[in-house]
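Everything on this sheet refers to the single structure shown next.
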Amino acid sequence: MATHILTPATARLALISCALRNTGAGWSLISDSAHAPSGVTGVVQHPDHLEITHPVGAVKVSSMQVTPDEWYAARALRCGASVGLALSRIYLYSGPSLTPVDPATLVASSGNLWVTGFLELPPA
Numbered sequence: 001m002a003t004h005i006l007t008p009a010t011a012r013l014a015l016i017s018c019a020l021r022n023t024g025a026g027w028s029l030i031s032d033s034a035h036a037p038s039g040v041t042g043v044v045q046h047p048d049h050l051e052i053t054h055p056v057g058a059v060k061v062s063s064m065q066v067t068p069d070e071w072y073a074a075r076a077l078r079c080g081a082s083v084g085l086a087l088s089r090i091y092l093y094s095g096p097s098l099t100p101v102d103p104a105t106l107v108a109s110s111g112n113l114w115v116t117g118f119l120e121l122p123p124a
């Protein structure tokens, strides 16, 4: 379930957030005693990107960020997102390359990607 936020202009926003990790069996949402996704219900690994689903009933995109943690940042991983109302695609790049990395090749026992965004909901 997504957390809803009311802005001063009375727009309603859904918080979209999660931590993603691939320990060798493919990318998945981290949901444990220390991590809880908000609004994100799944992740699908494709050969050139990750796809996260966030079916919160959005009518507009406000913002979305994908950030590598310190483990991936130290290895020059860059991230970019193509954001939609119900799903977003995350592209990963190594160093200065302009070609997306195959997400299956990025494996770490503690390396994460952090996703945070806000999507506008219809009026209540």
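Take 1 as the starting number for the sequence shown in the working numbering and just add one per residue.
Just so you know, even glycine gets a beta-carbon here, dropped at the ideal spot from N, CA and C.
Asked, Found
"Secondary structure, beta strand (DSSP E): runs of 3+ residues fully inside the segment 29–63", "42–45, 50–53"
"Member of 32, 122, 13 whose CA lies at the smallest distance from the CA of residue 63", "13"
"Nearest to residue 53 (by Cα), restricted to the options 84, 94, 103", "84"
"Three CB pairs or more closer than 8 Å across the segment 38–49 and the segment 66–79", "no"
"Per-residue DSSP class, three states only, for residue 103", "helix"
"Test: residue 100 CB closer than 8 Å to a CB of chain B", "Among the protein chains of the structure shown there is no chain B, as only one such chain exists."
"N- and C-terminal bounds of the beta strand (DSSP E) containing residue 19", "12–22"
"Residue 104 versus residue 118: straight-line alpha-carbon distance, rounded", "27 Å"
"Contact belief for residue 49 with residue 121 at Cβ below 8 Å, rounded distance in angstroms", "Contact flag wrong, Cβ pair sits at about 26 Å."
"Residue(s) in a DSSP beta bridge with residue 93", "78"
"Within 8 Å, strictly: CB atoms of residue 7 and residue 65", "no"
"Beta bridge counterpart(s) of residue 120 as assigned by DSSP", "13, 60"
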